[in-house]
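Enquirer: Got a structure for you, written out below as structure tokens; questions coming shortly.
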Amino acid sequence: MFVAIKIITNKQFTIRNFKCTRKAMENFEIKKIRDDIKNVFLAGIEAVKPEVIIKNKIKINNEKLIIDNDNCIEINNNIYMIGFGKAVMGMSMMMEKILGQRLKNGIVSIPRGSINNHAKNINISGDKIKQEISNVINYRENGINNQPDEETLATTRDIINMSNNLSANDVIIILISGGGSALLTMPIINISLDVKLSICKKLHNAGANIKELNMIRQKLSIVKAGGLAKAAYPAKIIGLIMSDVIDDPVDLIASGPTVFSHKNSTVDVLKKYHIYDDLDENLKTIFNSVDDGDNDLSIMLDDKGKFKHVNNFIICNNKTAIQAIQDECFRKNLKSIILFDNLEGMVDDISKMYSILTKLICQTWSNDLSSNEFINIIKSDSRLSKINEDKINEILLLINSSDVREIILISGGEPSIVVKGSGKGGRNQHLALLFSRDYANQVKSQFESFDKFKVVFFSGGTDGQDGPTDAAGAFGYPELILNNDAENKLNAEFHLEHNDSYNFYKNINNSEDLLITGLTGTNVMDIHLIYIFKKI
Numbered sequence: 223m224f225v226a227i228k229i230i231t232n233k234q235f236t237i238r239n240f241k242c243t244r245k246a247m248e249n250f251e252i253k254k255i256r257d258d259i260k261n262v263f264l265a266g267i268e269a270v271k272p273e274v275i276i277k278n279k280i281k282i283n284n285e286k287l288i289i290d291n292d293n294c295i296e297i298n299n300n301i302y303m304i305g306f307g308k309a310v311m312g313m314s315m316m317m318e319k320i321l322g323q324r325l326k327n328g329i330v331s332i333p334r335g336s337i338n339n340h341a342k343n344i345n346i347s348g349d350k351i352k353q354e355i356s357n358v359i360n361y362r363e364n365g366i367n368n369q370p371d372e373e374t375l376a377t378t379r380d381i382i383n384m385s386n387n388l389s390a391n392d393v394i395i396i397l398i399s400g401g402g403s404a405l406l407t408m409p410i411i412n413i414s415l416d417v418k419l420s421i422c423k424k425l426h427n428a429g430a431n432i433k434e435l436n437m438i439r440q441k442l443s444i445v446k447a448g449g450l451a452k453a454a455y456p457a458k459i460i461g462l463i464m465s466d467v468i469d470d471p472v473d474l475i476a477s478g479p480t481v482f483s484h485k486n487s488t489v490d491v492l493k494k495y496h497i498y499d500d501l502d503e504n505l506k507t508i509f510n511s512v513d514d515g516d517n518d519l520s521i522m523l524d525d526k527g528k529f530k531h532v533n534n535f536i537i538c539n540n541k542t543a544i545q546a547i548q549d550e551c552f553r554k555n556l557k558s559i560i561l562f563d564n565l566e567g568m569v570d571d572i573s574k575m576y577s578i579l580t581k582l583i584c585q586t587w588s589n590d591l592s593s594n595e596f597i598n599i600i601k602s603d604s605r606l607s608k609i610n611e612d613k614i615n616e617i618l619l620l621i622n623s624s625d626v627r628e629i630i631l632i633s634g635g636e637p638s639i640v641v642k643g644s645g646k647g648g649r650n651q652h653l654a655l656l657f658s659r660d661y662a663n664q665v666k667s668q669f670e671s672f673d674k675f676k677v678v679f680f681s682g683g684t685d686g687q688d689g690p691t692d693a694a695g696a697f698g699y700p701e702l703i704l705n706n707d708a709e710n711k712l713n714a715e716f717h718l719e720h721n722d723s724y725n726f727y728k729n730i731n732n733s734e735d736l737l738i739t740g741l742t743g744t745n746v747m748d749i750h751l752i753y754i755f756k757k758i
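See the structure below:
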């Protein structure tokens, strides 16, 4: 009897050991993949650091400002500078070095904490950064959680006043980046800042995209939709723009303060998200109006409706970051494909697309599907309609190569999310948790068949702040769902329903599936990475 009991105990110990070893191996694999993803993501961030972009793109030669080795603009010693956005701190400091004594005065509007954060990003002390800041540029920190405040209004008022006092002999360089819309704010007469913010918040929570939000912001603003350019006329304006909007529409980046736009009716946007009917009559009248009736525009605009005194240049965008990520993958011998550089839509739809595509790749890679079946399924499934034929062929080329062990799918863009709950999170963490659930649902009935692959998804914001949290984004993988309920008692569905993805990740795996970078000092939308590793 004693011997029999001992044999059973050893067997039980061996099974426990096996399970522990298996889990340890899984954790090791996931950690290795997380590290790879983090490294290539940070390479993308580094490539779009504002000081790097300005140093590489802007030169001065014989009193000509040379932009991107192509566009030459004559300058003089009467140069002024304005800036607003999350990346403007780094842009401005590098521009100061390039312009030197030619720069006479300036104001830049930056998020609170930008000065100390920039010091960390360039590895110098807070005291040292203050010594490097000249007396020529007035660096004004303002705003809270990506929203303007009273200090933003005061800063914007000073920017308008400075612009109004410029002459035709002056040149003003305007630095614009993501987050600029919140950092240059002046509502139209009879509209308070609180009213404007309330309307924009309702639209955001209802799932409005950045283009729709900026249309509303323009309608309610003095400085947006070309308002700043009007204030600076007749000075020559050079706009240097780091884009955070898909396809780089200069009239929508930071709500287009240097680009003339007709403020047409925006009622359709408000009705689409069921907001219009609850507005008071004054607001309805404003949103129904067709233009701002400015009689001075004829002397400012050319025959194409563009400002004569303005030259705008896109010097950086999301494509810059994702190309740098692919370059870093190449250096690390990781096979990669740029899937999208203009991805938009609702996070729920994007998660389903990613999870279905990932499942199909694994099935084809393991010869459970033929290449033709792979192609036909993608073409026939409306949820995969965003994927073009060239990308399908690139994927097949890699998975049919005998020496390929991993594939990283790279995408960039800015999805939208409907906020229903009062939890804590952001669209990137929400998308990562959605993918974990959706991919787990795709494979759970055949999990052993898919166990020969390790799949990890990442979604992160290039600004380092996803929603009102300290995380840039999060990792997602099926084990978070399949292993979670029994071990951690966390309900992913509950956290998704309440938009509480941050607290899900904060309370699982020692928070290791959150990526915390700190504010990066840049902003070119979001990055999505799907890492598919085929085990031996």
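Oh and the sequence shown: position 471 is 693 in the working numbering, straight run, nothing missing.
Backbone N, C-alpha and C define an ideal beta-carbon position, used for all residues, glycine too.
All values reported here derive from a predicted model rather than from experimental measurement.
#1: Considering only their Cβ atoms, is the gap separating residue 677 from residue 742 smaller than 8 angstroms?
#2: Nearest to residue 165 by CA position, among 757, 589 and 745, is which residue?
#3: In the DSSP output, what is residue 750 paired with across the bridge?
#4: So, using beta-carbon positions, are residue 645 and residue 555 closer together than 8 angstroms?
#5: With 16 as the cutoff for other CB atoms within 10 Å, does residue 694 come out buried or exposed?
#6: So residue 453 packs on residue 412, CB below 8 angstroms; how close in whole Å?
#7: Can you name the residues that DSSP bridges to residue 696?
#8: Figure out for me which residue from 359, 626 and 304 has the closest Cα to the Cα of residue 323.
#9: Take residue 470 and list the residues in its own chain whose beta-carbon comes closer than 6 angstroms to its own, dropping the five residues that flank it on each side.
#10: Span of the beta strand (DSSP E) holding residue 296?
#11: Could you tell me whether the Cβ atoms of residue 289 and residue 279 are closer together than 8 angstroms?
#12: Decide if residue 721 is buried, meaning its Cβ has at least 16 other Cβ atoms within 10 Å, or exposed.
#13: Since I believe residue 574 is in contact with residue 626 (beta carbons under 8 angstroms), could you give me their beta-carbon distance rounded to a whole number of angstroms?
#14: Please report how far the alpha carbon of residue 615 lies from the alpha carbon of residue 684, in whole angstroms.
#15: Rounded to whole angstroms, what's the CA-CA distance from residue 621 to residue 567? Just pull it up for me.
#16: Can you have a look at residue 748 and say buried or exposed, based on whether 16 or more other CB atoms are within 10 angstroms of its CB?
#17: Let me know the alpha helix (DSSP H) ranges lying completely inside the segment 309-345, each 4 residues or longer, listed in chain order.
#18: For residue 605, collect the residues of the same chain with a Cβ closer than 8 angstroms to its Cβ; drop the 5 residues on either side in sequence, then sort them by chain order.
#19: Using C-beta distances below 6 angstroms, list every residue in its chain close to residue 418, excluding the 5 sequence neighbours before and after it, in chain order.
#20: Excluding sequence positions up to five away, which residues of its chain have a Cβ less than 6 angstroms from the Cβ of residue 758?
#21: Shortest alpha-carbon distance to residue 740 belongs to which of 317, 339 and 306?
#22: If I'm right that residue 402 touches residue 476 with Cβ under 8 angstroms, what's the distance once you round it to whole angstroms?
#23: Among 377, 352 and 350, which one has its Cα closest to the Cα of residue 363?
#24: For residue 752 and residue 334, what's the separation of their Cα atoms in angstroms?
#25: Whole angstroms are fine: how far does the CA of residue 301 sit from the CA of residue 654?
#26: Which of helix, strand or coil does DSSP assign to residue 508?
#27: Quick check: the Cα distance between residue 416 and residue 371, rounded to an integer number of angstroms?
#28: What residue from 490, 528 and 414 has the CA that sits closest to residue 447's CA?
#29: Taking all protein chains shown into account, decide if residue 503 is buried (16 or more other Cβ within 10 angstroms of its Cβ) or exposed.
#30: Between which residues of its own chain and residue 355 is the CB-CB distance below 7 angstroms, once the five residues before and five after are set aside?
#31: Who are the near neighbours of residue 468 in its chain, counting only those whose CB is closer than 7 angstroms to its CB and skipping five residues on each side?
#32: At 3 residues or longer, what runs of the beta strand (DSSP E) sit wholly inside the segment 338-391?
#33: In terms of residues, what are the limits of the alpha helix (DSSP H) holding residue 598?
#34: How about residue 596 and residue 582: are their beta carbons less than 8 angstroms apart?
#35: Could you check which residue in 458, 474, 367 and 314 has the C-alpha nearest to that of residue 686?
#36: Output the distance between the C-alpha atoms of residue 325 and residue 629, rounded to the nearest integer angstrom.
Expert: Concretely, from the data shown:
#1: no
#2: Any property of residue 165 remains undetermined from this structure, which presents the chain solely from 223 to 758.
#3: 633 and 681
#4: no
#5: buried
#6: About 20 angstroms; that fails the 8 angstroms criterion.
#7: 681 and 736
#8: 359
#9: 536 and 539
#10: 293-296
#11: yes
#12: buried
#13: Their Cβ separation, rounded to whole angstroms, is 26 angstroms, which puts residue 626 and residue 574 out of contact at 8 angstroms.
#14: 29 angstroms
#15: 28 angstroms
#16: buried
#17: 310-321 and 336-343
#18: 571, 574, 575 and 578
#19: 409 and 442
#20: none
#21: 339
#22: 3 angstroms
#23: 377
#24: 33 angstroms
#25: 46 angstroms
#26: helix
#27: 9 angstroms
#28: 528
#29: exposed
#30: 361
#31: 564, 566, 635 and 636
#32: 359-364
#33: 593-602
#34: yes
#35: 367
#36: 48 angstroms
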